[in-house]
Amino acid sequence: MTNHWSDIKNADLVLIMGGNAAEAHPCGFKWVTEAKAHNKARLIVVDPRFNRSASVADLYAPIRTGTDIAFLGGLINYLIANDKIQHEYVRNYTDVSFVVKEGFGFEDGLFNGYDAAKRSYPDKSAWGYEIGADGYAVVDPTLSHPRCVFNLLKKHYSRYTPELVSSICGTPQETMLKVWDAIAETAQPGKAMTIMYALGWTQHTVGSQMIRTGAMVQLLLGNIGMPGGGMNALRGHSNIQGLTDLGLLSNLLPGYLTLPGDAEQDYSAYIGKRTSLPLRPGQLSYWQHYEKFHVSLMKAWFGKAATAENNWAYDWLPKLDVPGYDVLKVFDMMFQGQVNGYFCQGFNPIAAFPNKAKVGAALARLKYLVIMDPLATDTSEFWRNAGEFNDVDTAAIQTTVFRLPTTCFAEEDGSLVNSGRWLQWHWKAAEPPGEARTDIAIMAGLFQRLRALYQKEGGAFAAPILNLDWPYLRPDEPGPDELAREFSGKALADVSDPASGAVLAKAGEQLAGFAQLRADGSTASGCWIFSGAWTQAGNQMARRDNADPYGMGQTLGWAWAWPANRRILYNRASADPSGQPWDPVKKRLVWWNGKSWGGTDVPDFKADSPPEAGMNPFIMNPEGVARLFAVGMMAEGPFPEHYEPFETPIGRNPLHGNAQAISNPAARVFKNDLEVFGQAEEFPYAATTYRLTEHFHYWTKHCRLAAITQPEQFVEIGEALAMDLGIKAGDRVKVSSNRGYIKAVAVVTKRLRPLTVDGKTVHHVGIPIHWGFTGVAKNGFITNTLTPFVGDGNTQTPEFKSFLVNVEKV
Amino acid sequence: MATQDIIARSATTTPMPQVRQPGEVAKLIDTSKCIGCKACQVACSEWNELRDEVGSNAGTYDNPNDLSAESWTLMRFAEYENPDSGNLEWLIRKDGCMHCAEPGCLAACPSPGAIVKYANGIVDFNQDKCIGCGYCITGCPFDIPRISQKDKKAYKCTLCSDRVAVGLEPACVKTCPTGAIVFGSKEDMQVHAAERIVDLKERGFANAGLYDPDGVGGTHVMYVLHHADQPSLYAGLPDAPAISPLVSLWKGVAKPLALLAMGATVLAGFFHYVRVGPNRVDEEEDPGEPTVHTVDPSVHVVDPNKQP
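Top line first, the protein sequences correspond to chains A and B.
With UniProt numbering, letter number 308 in the first sequence gets 308, and the count goes up by one each step, no holes.
With UniProt numbering, letter number 62 in the second sequence gets 62, and the count goes up by one each step, no holes.
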């Protein structure tokens, strides 16, 4: 989230799209209720299903699954055509005036530089700003240059007319215009809309671009950085934000630092590429401090063994030979027989990944599988024949499965990072049952044994393992407090202020924040964005002061938010260029008081830079402004374009006739998966999967009370389709895709209605996840038997939300 | 609970203590804020240590499918196409005991002290004194009490009388994430409801209103409804609930006779026990209906052994 949960109460309009907050985040949803009750906010829900969020919405619009870019692209066109943009914000805080390089182009559904054989854009050189002789990006404040971002944007989305968008999305035009109209009202300075989204946007082959389109709408309306505004990703797990923050993705290091690729063997080139210098005069371009964060990380990992002489142990970092080893890639490799062992920690891949048949076959090709989980997961029993639910030949599976019971969150101390980036410390509430041990103890024990083996026997590339710094009180079980102090960071030598020479932190002391990190090896911090979470004053995450002196809901004394305890990112943009809040009564967040920036939040800005200095709010971007034009950052192109789901019910992309541009041309598709995509002739219904309030993923089917409230697997079918197929509520139905089938009870509902798309009638089938062949709920089929093994072009997040099925009465 | 100032007891004429005058409480359920998350169902089961069976899905979101002796509250989901606005509405109502000011269950109950009403408005069942006759079900215009298959006694929501007695809110109120369920003095709840109704009217629900039906003397569980003119839209919430005339008959004429018969039965039982010893029921033999069922079948329209 750019903002955070309790800030939602400041919204004037709440748009829930690509998520179902009432269903999946009922506790956080209370802030929507607050906004409605105390701020007279309106709630709009756009979703294929009239869902629990829609049940309390002021306005609901149906949309065909996977077409959100068309809906939002149409909205961009509408905002520009009707002059509903926050002009002063857009002109000053976004890149509308930047001139794009010559050679950038978009034709017939593809941007320039496409290579069909590689299914990607290997040459993105024209996707950038024109750079002037002074080394800065060229801008045209008059917005008259034909290649300035504003004109390119306007042209790109001029194709997204209300008629065409309605025909792609199936949203009735009248309803769609009502939604657009309500959203457009928040273009007024001081009015804010928040967008709440979740997996309904991420889990598409164009998921990242859906989110980007939402962000672009928010920029045009001046809603980023505003209290009650922002782009708010509702994370699906209490600590999944912490997972990405700490870099547990194959191509990341902690704090969104990036792993080098194979070609980056040279340390200074690696750092140089990531040290972005300002693209406009007077801009902060905060990533120019990249090396400070990187060196501090290496010092946290390797201690004294990381030195200036060995480039801070750069050679010990893995170098990626492919863009990333995401889950789809790893399971495809496993399926190909290229993986021997797999550690599965707090994860249930046979249920959670697409195409269960492929995942099951892949696991059967492992020599060993280690399960670290509090529960006996379906994955840990993938070899067990559970009848129709898991019809495998147990004798033919030779994988050795080790099941290591772990503690649950309530059985250990530690911190969780919520969607709003708050690190909240929690305390152990109960002793773990039986032989359960913490994940830390299991991993530390494994590491100790591995290191002993390397010490004794040697081996290839032993240095990183032998030199890892391991300063913990109990080497077999580092304490959560020790790890927390480590990621926050400490001074290894006295750290002084370069200007005054004053000592800021003495050697051995905890650092106050990432501004004290140094690139000379005098500081260590395991995750720079968490720096300041545990200072000399103690554990900031354990703070529980909910005082809210300005009534803005920012509660700076409650826990600790990264970065630097800032609650709302880009919050300088909540004030106008002269430094005063756009709405000084209801939306006061930070402002210039004549000497410095301050207010109800920690300014996300250089605290002493006066407004007239012209520094802009988006300090992480070298240009200082927000990007409507994504330059080369996205796989599919700088402007989001609507592409159909890989399994499309209409078989074409109504925006253009190019067969290469029906679905995301830059999504990676493995050959064996391409073969099992279904066609609308055989599988005519648009299916989407989702979670229910009553359950949490595949955990709570092990919990009796949750099982009572939602005991048995079901699918949701609209009344019209049910009538066509002769299905009544409570009947058992078989739902099949080209990858398998499930059987479940039919819930027949008015809440799924047929949509008219591209001249055809499209029916949706809604398929909750949650059931499987273990647990106390009625056993059922794994929903991901049905879903396709293809992911987003940037994140590789699987397309769980849009695919094709057939439905029959059993 | 003596601390709770009983003001009415079933089948009892003894005067109640009148000295203390605690205020009336009420739970307000705002259907327009409810998202049907069922956290209240789980909290109710947790606090009251109830564990119903893992049931099945009958083609709806209502799970368990109905109230039972081990499910005292339940979300009921209704889909409504509003002919005026053309909008679909998903009306979700938390069902459970309404804690009527004039409780039909208490009026109908033949067992002394099995049902009591506290001065704060809570209507409570005392299972120690329940004879499992099921008359309370007949008496209830909301179809709430259920007879347990385990002990043949009647159960329903207690409004967490044990929590309220020590100054806590009911468990469902504490857990509700959106503030759709609130608790306080009845007066405060009426004031809060009035504010909510203004908001709903402003959002286009012209008939928004409070459900606090007169037919049962008002209730200590009230609803804010978007469509207060049509309560039955909310999964059959009675438009005009009233105590069944059969109960009045029972109270007025039949009850003394029935009590006499019951007394005779008890007496006969006592002498049977004294003379013959305890009744030993053959293992294979059906234990049969409780004796009381034979007393006055005319008022007993519900078979307590069958879930309605």
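In this text, a Cβ means the ideal position worked out from N, Cα and C, and glycines have one as well.
Would A/M615 pass as a contact of A/Q283 if the rule is Cβ separation under 8 Å?
yes
So the beta strand (DSSP E) A/L504 belongs to, where does it begin and stop?
503 to 505
Applying a beta-carbon distance threshold of less than 9 Å, which residues of chain A neighbour B/L88?
F50, A54, Y60, K750, R751, R753
Taking DSSP as the reference, what is the three-state secondary structure of A/N467?
helix
Grab me the residues of A/G113's own chain with a C-beta within less than 8 Å of its C-beta, minus the 5 sequence neighbours each way, in chain order.
Cβ neighbours of A/G113 within its own chain (closer than 8 Å, five residues either side excluded): Y121, P122, D123, K124, S125, A126, W127.
Which residue wins for smallest C-alpha separation from A/M541, given the options A/S531, A/D391, A/Q455?
A/S531
By alpha-carbon positions, which one of A/W560, A/E612, A/R421 ends up nearest to A/N239?
A/R421
Assuming B/P177 and B/A39 are in contact, meaning their beta carbons sit under 8 Å apart, how far apart are those beta carbons, in whole angstroms?
6 Å
Of all the CB atoms in chain A, is at least one closer than 8 Å to the CB of B/S56?
Chain A, which has a Cβ nearer than 8 Å to the Cβ of B/S56, makes this yes.
What ranges does the beta strand (DSSP E) occupy inside the segment 576 to 619 of chain A, keeping only unbroken runs of at least 3 residues that lie completely in it?
590 to 592, 597 to 599
Just mark A/S6 as buried or exposed, buried being the case when its beta carbon has 16 or more other beta carbons within 10 Å.
buried
Any beta carbon of chain B sitting closer than 8 Å to that of A/E694?
yes
In the DSSP assignment, find the unbroken alpha helix (DSSP H) run with A/A57 in it and report its ends.
Note, A/A57: premise wrong, no alpha helix (DSSP H); not H, not E.
Within the same chain, show all residues whose beta-carbon is closer than 6 Å to that of A/G513, passing over the 5 residues directly before and after it, in chain order.
Non-local C-beta neighbours of A/G513 in its own chain, meaning closer than 6 Å and more than five positions away in sequence, comprise S531, G532, A564, ordered along the chain.
Any beta carbon from chain B within less than 8 Å of A/P141's own beta carbon?
no
Buried or exposed for A/T400, going by 16 or more other Cβ atoms inside 10 Å?
exposed
Just confirm the distance between the C-beta atoms of A/F714 and A/P768, as a whole number of angstroms; I'd bet it's less than 8 Å.
Indeed they touch by this definition, with Cβ atoms about 7 Å apart.
Find out if the Cβ-Cβ distance for the pair A/K587, A/G228 is shorter than 8 Å.
yes
Listed in chain order, which residues of the segment 165 to 188 of chain B have Cβ atoms closer than 7 Å to some Cβ of chain A?
Answer set for the segment 165 to 188 of chain B: P177, T178, G179.
So with CB distances below 8 Å, who are the chain B contacts of A/L705?
V42, S45, E46, R51
With H, G and I counted as helix, E and B as strand and the rest as coil, what does DSSP make of A/M231?
strand
The alpha helix (DSSP H) with A/L725 in it runs from where to where?
If you look at A/L725, you'll find it in the alpha helix (DSSP H) that goes 719 to 725.
With respect to the alpha helix (DSSP H) encompassing A/L705, which residues constitute its N-terminal and C-terminal limits?
Start and end: 704 to 709.
With a Cβ-Cβ cutoff of 8 Å, do A/N653 and A/T205 count as a contact?
no
Take A/Y389 and list the residues in its own chain whose beta-carbon comes closer than 8 Å to its own, dropping the five residues that flank it on each side.
A small fix is needed here, since residue 389 of chain A is Phe in this sequence, not Tyr. Taking C-beta separations shorter than 8 Å and ignoring five residues to either side along the sequence, the partners of A/F389 in its chain run G772, F773, N779, G780, F781, I782, following chain order.
Using the rule of at least 16 other Cβ atoms within 10 Å of the residue's Cβ for burial, across every protein chain shown, is A/E799 buried or exposed?
Under this definition A/E799 is a buried residue.
Under a three-way DSSP split, which group does B/E283 fall into?
Low confidence applies to B/E283: its pLDDT is 47, below 50, so where it sits in the model is not reliable, and the reading given next is rough at best. Coil at B/E283, not helix or strand.
With a floor of 4 residues, list each alpha helix (DSSP H) that falls wholly inside the UniProt domain "4Fe-4S ferredoxin-type" (88 to 120) of chain B, ordered by position along the chain.
104 to 108
Taking C-beta pairs closer than 7 Å, name the residues in chain B that A/F29 reaches, listed in chain order.
The contacting residues are I35, P177, T178.
Taking just the CA atoms, how far does A/M196 sit from A/N232?
5 Å
Which residues in the same chain as A/Q173 place their Cβ atom closer than 6 Å to its Cβ, once the five residues preceding and following it in sequence are excluded?
Exclusion of the five residues before and after A/Q173 leaves P162, S166 as the residues of its chain whose Cβ lies within less than 6 Å of its Cβ.
Which residues of the segment 724 to 747 of chain A have a Cβ closer than 9 Å to any Cβ of chain B? Give them in chain order.
K728, A729, G730, D731, A744, V745, A746, V747
Just reading off the alpha helix (DSSP H) that B/C172 is part of, what are its end residues?
171 to 175
Contact check, A/M372 vs A/G346 under 8 Å by CB: the rounded distance?
So it is a contact: roughly 7 Å between Cβ atoms.
Suppose you measure from the CA of A/W470 to the CA of A/L79; what does that come to, to the nearest Å?
56 Å
Around the Cβ of A/L755, are there at least 16 other Cβ atoms within 10 angstroms (buried) or fewer (exposed)?
So A/L755 ends up on the buried side.
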